[in-house]
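For reference, the structure discussed in these notes is given below.
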Amino acid sequence: MKKTKQMKKILIVEDEKTLCLLYEEELAKEGYSVTTANDADTALEILKKKKFDLIITDIRMPGKNGIDLITKIMGLRKDIPIIINTAYQSYKSDFMTWAADAYVVKSSSLDELKSKIKEFIKK
Amino acid sequence: MSQLRKDVLSGRWIIIASERSKRPDDFRPHQSQVEKRMENKGFCPFCEGNESKTPPEVFSLRKAGTSKDTPGWRVRVVPNKFPALERGTPPPKPNKGLFQSMPGVGVHEVVIETPDHEKELVDLPLPHIREVLFVFQERIQNIEEELHYQYVQVFKNKGKEAGASLSHPHSQIVATPIVPKRIKEELYSAERLFTRSQECFFCRIIKEEGENKERLVYQNSHFCVIAPFASRFPFELVLYPLRHSPHYSSLTSDEFKSLAPALKTVLLKLKSILSDPPYNFIIHQSPNLNLSQKKWPSIENSYHWHMEITPVLTRVAGFELGTGFYINPVPPEAAAGYLRENSHKDRK
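Chains A and B supply the protein sequences, listed in that same order. Under the numbering used here, the residues of the first sequence are numbered 161 to 283, in order. Under the numbering used here, the residues of the second sequence are numbered 29 to 376, in order.
In structure tokens form, the structure reads like this:
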């Protein structure tokens, strides 16, 4: 029997719903299965129930911020690659961001984000 | 009446506001602030066992038989994972004109001072502090081999209010392809004062403060610590090597043996008298000597490396930002007196 290749699963944590839709659409085109959460607490609930190959998170969000979320994820599983995707360069000075594997500053093109996703999902 | 004092080196004026004079107890934090500082987020990328969360180490002091990027280290140096400046080819000289720029070439490394998250630098045994101080020298020498890095700055931010984002003890090294403005000002000024008197300005300060003793906080065979005459901030301190030398890399093993207790003693005094304040320390040294002698011909004689230690107790506000004047509510003589008298027993 022919085995079907499983789609790699990505969790996107982003409070802007329009951006979630854009990422969902663009990454689905690339062959990924995308789940979105609009805040950190929802993301943590989803993570308890479902396994992912990669997490992409914004930092500045209502409630827990992305850095708090990453530290919580580290308590659950240290081996999921995490990409920080924020509009701000300034969070780079916070060494807690080192818990993530990449830091991509939001831009109108998703090329850098897509190439980082490929880099970590291949691993 | 308050007093205006001039820092001869920087040309900066300071207001010593003695009528608002404050005692160390006035700077003690409330319990809630202490608890906030101790906040532990649970995961720390600098802790032993989390080596995979940092870029590969560029230097470490570790237990024999242990491998790079694995547990077993005592002091570990890693490049910044998300740096503002990146190592690279020598940048071209910036064009002259209104809009000068150059590629962001530089080095940014983090020195993780101990695998123990809970211990601060001041709590480490003297041999370990000596190792941290030695690592600074090793990295400075290594970075300066690449001649396009003109200035290497070693600094520590301890505590959130001092700019630290993680409580795990660490310091940082940043190398830039240009000499920063503040350092240039110090170098030009030191050279001007040297030309006038044929004497190192810093050596003269050390001699006079050593004789006067009013602002002297600590002295051993190779180092002294003073509260500067025109201190910008309460309990600001400067650590000087007694032997004239422009650059940190000239430190000998004997001097390291004296530097560790000098630093530990004053940090313990600050910790004790001010209830573990946030602080910054910054090593001021000459730019890469292989490059700087053309620009500052007497640099070997006129400049004297030192370490500035600044507890963060007050906020810089509009007046300071607008004028460059600082208002210091603790005369440095009083600060030195409190620190000298303090036997650095932990006050709870």
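Ideal Cβ positions, reconstructed from N, Cα and C, are used throughout, including at glycine. Given the structure is predicted, the values throughout are model-derived calculations rather than measurements.
Worksheet item: The beta strand (DSSP E) spanning V180/B covers which residue range?
Response: Y179 to K186
Discussion item. Taking the alpha carbon of S330/B as the reference point, which residue from E239/B, R271/B and K50/B has its own alpha carbon closest?
Written reply: R271/B
Practice prompt. Tell me whether L377/B sits in a helix, a strand or coil according to DSSP, three-state version.
Written response: Shown here, chain B extends from 29 to 376; a query on residue 377/B therefore has no answer.
Item to complete: Kindly indicate which residue of Y192/A, T217/A, S193/A and D213/A has the alpha-carbon position closest to the one of T202/A.
Response: T217/A
Worksheet entry | Run of the beta strand (DSSP E) containing E227/B, from where it starts to where it stops | It is not in any beta strand (DSSP E) - E227/B carries neither H nor E in the DSSP assignment.
Worksheet item: Helix or strand or just coil, what does DSSP make of A203/B?
Response: The answer is strand: DSSP assigns A203/B an E or B state.
Discussion item. In whole angstroms, give me the CA-to-CA distance for L298/B and D304/B.
Written reply: 7 angstroms
Worksheet item: I think P208/B touches Y177/B, with their Cβ atoms under 8 angstroms apart; what is that distance to the nearest whole Å?
Response: Between Y177/B and P208/B the Cβ distance is about 12 angstroms, and since that is not below 8 angstroms, they are no contact.
Item to complete: Return helix, strand or coil for R375/B, following the three-state DSSP convention.
Response: Low confidence applies to R375/B: its pLDDT is 41, below 50, so where it sits in the model is not reliable enough to give any reading.
Practice prompt. Return the residue from the list P269/B, P262/B and F74/B that minimises the CA-CA distance to R343/B.
Written response: P262/B
Item to complete: Please classify Y366/B: does DSSP put it in a helix, a strand, or coil?
Response: Note: Y366/B maps to helix in three-state DSSP.
Worksheet item: Given a threshold of 16 other Cβ atoms within 10 Å of its Cβ, counted over all protein chains shown, does E67/B qualify as buried or as exposed?
Response: Interpretation of E67/B is limited by its pLDDT of 49, a score under 50 that renders its predicted location unreliable; no figure is taken from the coordinates.
Practice prompt. Please confirm whether P248/B and A290/B have their CB atoms less than 7 angstroms apart.
Written response: With the sequence shown as reference, residue 248/B is identified as Asn, and Pro is not the correct amino acid for it. Contact flag set, yes.
Discussion item. Three or more C-beta pairs under 8 angstroms: does that hold for the stretch 264 to 283 of chain A against the stretch 123 to 133 of chain B?
Written reply: no
Worksheet entry | Nonlocal neighbours in the same chain, by C-beta distance under 7 angstroms from V245/B, ignoring five residues either side | V253, I254, A255, L265, V294, A364, L367 and R368
Discussion item. Using 8 angstroms as the cut-off, can you tell me whether the stretch 72 to 85 of chain B makes contact with the stretch 106 to 123 of chain B, which would need three or more C-beta pairs spanning the two stretches below that distance?
Written reply: yes
Worksheet item: Helix, strand or coil: which one does DSSP assign to R271/B?
Response: Judged by DSSP in its simplified three-state form, R271/B adopts coil rather than helix or strand.
Fill in: Residue-level contact to chain A via CB, S193/B, 7 angstroms cutoff
yes
Item to complete: Return the CA-CA distance between L149/B and F162/B, expressed in angstroms with no decimal places.
Response: 14 angstroms
Practice prompt. Determine, using beta carbons only, whether D254/A comes closer than 7 angstroms to chain B.
Written response: D254/A counts as touching chain B.
Discussion item. Do A203/B and V135/B count as a contact pair if the criterion is CB distance below 7 angstroms?
Written reply: A Cβ-Cβ contact shorter than 7 angstroms links V135/B with A203/B.
Worksheet entry | Option in F229/B, G350/B and N123/B with minimal Cα separation from H334/B | F229/B
Item to complete: Compute the Euclidean distance between the alpha carbons of S267/A and Y248/A, then round it to the nearest angstrom.
Response: So the two alpha carbons sit approximately 10 angstroms from each other.
Worksheet entry | Same chain, Cβ closer than 7 angstroms to F87/B, five either side skipped, listed in chain order | V105, V163, E166 and R167
Worksheet item: Buried or exposed: which applies to A112/B, given that a residue is buried once 16 or more other Cβ atoms fall within 10 Å of its Cβ?
Response: exposed
Item to complete: Could you round the C-beta distance between I219/A and G226/A to whole angstroms and report it? I think they count as a contact, below 8 angstroms.
Response: 4 angstroms
Worksheet entry | Alpha-carbon spacing of R158/B relative to K147/B, whole angstroms | 16 angstroms
Worksheet item: the stretch 215 to 239 of chain A: which residues have C-beta closer than 7 angstroms to a C-beta of chain B, in chain order?
Response: T231, M234 and G235
Discussion item. In the DSSP output, what is H312/B paired with across the bridge?
Written reply: H334/B
Practice prompt. Name the two residues that bound the continuous alpha helix (DSSP H) containing K169/A.
Written response: From DSSP, K169/A is part of no alpha helix (DSSP H) but of the beta strand (DSSP E) over K169 to V173.
Item to complete: State the Cα-Cα distance for the pair A197/A and L171/A, rounded to the nearest angstrom.
Response: 7 angstroms
Worksheet item: For G70/B, which residues in chain A fall below 9 angstroms Cβ to Cβ?
Response: Here the neighbours are T231, K232, M234 and G235.
Worksheet item: Using 7 angstroms as the limit for Cβ to Cβ distance, is Y248/A near chain B?
Response: no
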